[in-house]
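Presented below is the structure to which this report refers.
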Amino acid sequence: MDRPEISEAFFALEAHLSDFHDVTIADLFTKDARRFADFHVVLDDLLFDFSKHRIDRTTLKLLLDLARAAKLEERRAVLFAGATINPTEGRAAMHMALRTMSGVPMQVQGRDVMPEVLAERHKMLAFAEAVRDGGLKTAAGERFAHVVNIGIGGSDLGPAMAARALSPFVAPHLDLHFVANVDGADLADTLKRVDLARTLFVVSSKTFTTLETMTNARAARRAVIDRLGEAAVPAHFAAVSTAPKEVAAFGIPEDCRFLFWDWVGGRYSLWSSIGLSLAIGIGKQNFEDFLRGGEDVDNHFTTTPLAENIPVLMALIEIWYRDFWDCAAQAVIPYDQRLGRFPAYLQQLEMESNGKSVDLSGAAAGTSTGPVIFGEPGTNAQHAFFQLFHQGTEIVPVDFLLAAEPLASDPAQHPLLVANCLAQSEALFRGRTRAEVEAKLRAQGLDDEAIAALAPHKVFEGNRPSSTFLYKSLTPRTLGRLIALYEHKVFVQSVIWNIDPFDQWGVELGKELALRLAPLSADPAADTTGLDASTAGLLAHLRALRK
Ligand code: F6P
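Here you go:
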């Protein structure tokens, strides 16, 4: 640790680790009747329970000291002032302006961007409503029945995740589809499910140069031309981008082009016109509610004391596990089927942001940075990888997400979902001791020899940490809040780690190499001299298989 400004706070936390040698989360509950009361925070109907962690009041104090030593509040002010917080790209990161509903000025590098944000939001939502209510027609004068978003990364994961999360709010006469992969199967399988004559394609790409998106967009265009004729293209395509010239060159008319700005990172762009396909599905009012959810969290993040600030607490607790307990992974388990793509969405948000190994100055980061994020909906995940959570050698902190009330599903099943979610977080921290296991086996009539053989396999060490987010139901506003909480968590962590969370240079090398390899993969005669032995060998085998 060679960061003088935080080293004292860091070493204090390191020393504090030993306080947990003989103390488990279960002990902490036993000793402290006020633990739940003091270790949860409420934001409107959303409750964040962080009591089932290997933390006590001293831990929280020391983590908050760390945040202050890293100048979190000052950095937060820089972020919200729209200054150049992303130095390697020379950009601000002002996605919060996109969800500002009040119209108060929001500066980006010294300029109020709200007039253009509001104008573009108005244009996008008017278009979305026109598609939704049938005012905007297909080339043949019919209503649209399908919307296919073509995009990848932030231009796909956000709208795709949110469309699924908010499916009860999607107009029943509209089907939303998402095509991302350059694997032609993605588009081909989608085209099989749509009626092309009643399909609107939304080409979503911040740069409008991304290989996957432009390849799929051109293929979709060809499909429309083949089936409906060239003249149908303008009626069946819209585009969202920061690159209006490239969009125009693709042949998309001005009134079907929607812009956003380079100060909106791809993984933060769902709040912008990139949300078009979602907005078509759920309508203007719901989309605005979604934005309001994001704004609620911006207000919470900027005005709530650090000790009660949910994204700050989320970030600090995760840092405690990452940097002091050496936990390399973090799981997100929504007990909410429609949040099925939320872990994938968070993978981009978190791993593209904080998957860095140099700090802002370009020096090696002095600590471990972003963990591996993964997850699947509960209860499915219980029957897949929870075994490792309960009895594996790796400690994986878990975020559970749970709605109090189901939407558009059988309410009779919901208590079972709730029970499973609560049971898992309880089982993780409580565990089951050897004595408890032996007593249970004895009660089942097993003899001493059988008990001795079986007992070690049935012991749950416990003391495994988790947080729980409990909200009333998965409405647009709740979804907006959940996303913004994780966004700000990521930012807080980046401040402590002193890294740039808004660039993603790590994706470039693979893109460059793919461009170099594409002709070698297409042309069986192309010269592979100079490639490493594995790549050359794989290409040779591929060519042989294709013969
Ligand atoms: O490859 C990474 C990335 O640049 C992401 O950050 C981005 O969300 C995605 O590609 C898609 O980029 P674009 O929206 O420019 O097509």
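Quick note on numbering: our numbering labels position 246 of the sequence shown as 289, and the sequence is numbered without any gaps. Using N, Cα and C, we set each Cβ at its ideal position, and we do this for glycine too.
Distance between residue 527 and residue 535, taken at the CA atoms: about 12 Å. Counting only runs that start and end inside the segment 151–221, the alpha helix (DSSP H) elements of at least 4 residues fall at 157–176 and 200–208.
Counting only unbroken stretches of 4 or more residues, the alpha helix (DSSP H) elements lying wholly within the segment 368–415 are 385–389, in sequence order.
By the beta-carbon neighbour count (other beta carbons within 10 angstroms, threshold 16), residue 79 is exposed. Taken through DSSP and simplified to helix, strand or coil, residue 243 comes out as strand. The shortest C-alpha to C-alpha distance from residue 364 to any of 346, 263, 507 and 349 is the one to 507. Within the segment 455–528, the alpha helix (DSSP H) runs of at least 4 residues that lie entirely inside it are, in chain order, 457–473, 477–486 and 491–501. In this structure residue 374 touches residue 417 by the C-beta definition: roughly 6 Å separates them, less than 8 Å.
By the criterion of at least three beta-carbon pairs nearer than 8 Å, the segment 374–384 is in contact with the segment 195–213. When the five nearest sequence neighbours on each side are left out, the beta carbons in the same chain lying within less than 6 Å of the beta carbon of residue 260 are those of 193 and 246, in order along the chain.
Two segments are said to touch when three or more pairs of C-beta atoms, one from each, lie closer than 8 Å; by this definition the segment 401–410 touches the segment 532–549. By the 16-neighbour rule on beta-carbons within 10 angstroms, residue 54 is exposed. By the criterion of a C-beta distance shorter than 7 Å, residue 566 is surrounded by no residue of its chain, once the five residues flanking it on both sides are discounted. For residue 131, the shortest C-beta to heavy atom distance toward the ligand F6P is 7 Å or greater. Secondary structure note for residue 281: its beta strand (DSSP E) is the uninterrupted segment 280–284.
Between residue 249 and residue 284, the gap from beta carbon to beta carbon is short of 8 Å.
It is roughly 6 Å from the alpha-carbon of residue 420 to the alpha-carbon of residue 379. Here residue 323 is near residue 190, since their CB atoms are less than 8 Å apart. Within the same chain, Cβ atoms closer than 6 Å to the Cβ of residue 460 are found at 378, the five residues on either side in sequence being excluded.
DSSP, read as helix, strand or coil, puts residue 254 in helix. Each residue's CA atom was taken as its position, placing residue 447 and residue 457 some 9 Å apart. Remark: the C-beta of residue 249 is in contact range of the ligand F6P, defined as less than 7 Å to any heavy atom. Each residue's CA atom was taken as its position, placing residue 160 and residue 333 some 16 Å apart.
Spanning the alpha carbons of residue 180 and residue 295 requires a straight line of approximately 16 Å.
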